[in-house]
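Trainee: Before I ask anything, let me first share the structure, which is written out below as structure tokens.
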Amino acid sequence: MRESCNHIIRGFRGSAVVFAAVLLLFACGEQPQLLPLHQHATILAFGDSLTYGTGAAPEESYPAVLERLIGRRVVNAGVPGELSHEGLKRLPGLLEQHQPVLLLLCHGGNDLLQKQDGDRLADNLREMIEIARARGIEVVLLGVPRPKLFLMESEPLYSDIATTMQVPLEPDIIPAVESDEELKSDRIHPNAAGYRLMAEAVAELLHEAGAITR
């Protein structure tokens, strides 16, 4: 597992992200396990602009890169600017439409940016997970940071949800990318290099959790 984390960290550039990269190395540990994904499985990447790929070409978004990395269909269901309560309403129809076996949930950035109520955000994320699980769909959660000047890290509610609901969590890659200006296209959004690192981190997590076997 430590080798997997080292592989991701080697992709980082710029001194601004060194501390975040060190955090990533030591944060890597045991994840709740997932069922292996068969070759024709569909994965739904659900979220806001970080999933959509704002700041990069469509083929450079993290879902598009992830699809190439793991050889499974990954549907990009990101909507820029969406708040979590809006995503909660949108999710059931997408699950019905695409019939995924795995949901990659990366949501809440706009809630945090607009200083929306954190308890409501947490409730919305939990309900999204419950909606997916009620349909037999497994979930992976990506932690999102609250905008800060220094030492950016995922909002603690993501790790609380992952622990209580026993879902695999990638807590470090988005804060690390957001901390490095060389990996961003603007103040908030990654560039192609940043999205690639996101995809690599998610791919490594899927390997560690048993969803993708080498």
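The sequence shown begins at 1 in full-length UniProt numbering and counts up by one.
Using N, Cα and C, we set each Cβ at its ideal position, and we do this for glycine too.
Source: prediction; values computed, not measured.
1. Take every Cβ of the region 60–80, pair it with every Cβ of the region 119–138, and state whether three or more of those distances are shorter than 8 Å.
2. Pick out whichever of 40, 41, 65 has its Cα sitting closest to the Cα of residue 201.
3. Should residue 199 and residue 31 be called a contact, given that it needs their Cβ atoms to be closer than 8 Å?
4. Name the two residues that bound the continuous alpha helix (DSSP H) containing residue 137.
5. In chain order, what residues of the same chain have a beta carbon less than 7 Å from the beta carbon of residue 84, not counting five sequence neighbours either side?
6. Indicate the three-state DSSP secondary structure (helix, strand or coil) for residue 202 in the structure shown.
7. Return the Cβ separation of residue 60 and residue 203 in integer angstroms, given the expectation that the two are a contact with Cβ distance under 8 Å.
8. Straight-line CA distance for residue 190 to residue 38?
9. What separation, rounded to the nearest whole angstrom, lies between the Cα atoms of residue 196 and residue 69?
10. Report yes if the CB atom of residue 217 is closer than 8 Å to the CB atom of residue 34, and no otherwise.
11. I need the DSSP call for residue 176, collapsed to helix, strand or coil.
12. Would DSSP call residue 170 helix, strand or coil?
13. Roughly how many angstroms separate the alpha carbons of residue 163 and residue 127, rounded to a whole number?
14. Going by DSSP in three states, residue 213 sits in which element: helix, strand or coil?
15. Give me, in chain order, the residues of the same chain whose beta-carbon lies closer than 7 Å to that of residue 175; leave out the 5 immediate sequence neighbours on both sides.
16. Can you tell me whether residue 89 is helix, strand or coil according to DSSP?
Mentor: Judging by the given coordinates:
1. no
2. 65
3. no
4. Segment: none, residue 137 is in no alpha helix (DSSP H) and carries neither H nor E.
5. 107, 108, 111, 121, 124, 125
6. helix
7. Not confirmed; about 15 Å, so no contact.
8. 30 Å
9. 10 Å
10. Residue 217 lies beyond the stretch modelled for the chain, which goes from 1 to 214, so this question has no answer here.
11. helix
12. strand
13. 15 Å
14. coil
15. 20, 145, 152, 153, 154
16. helix
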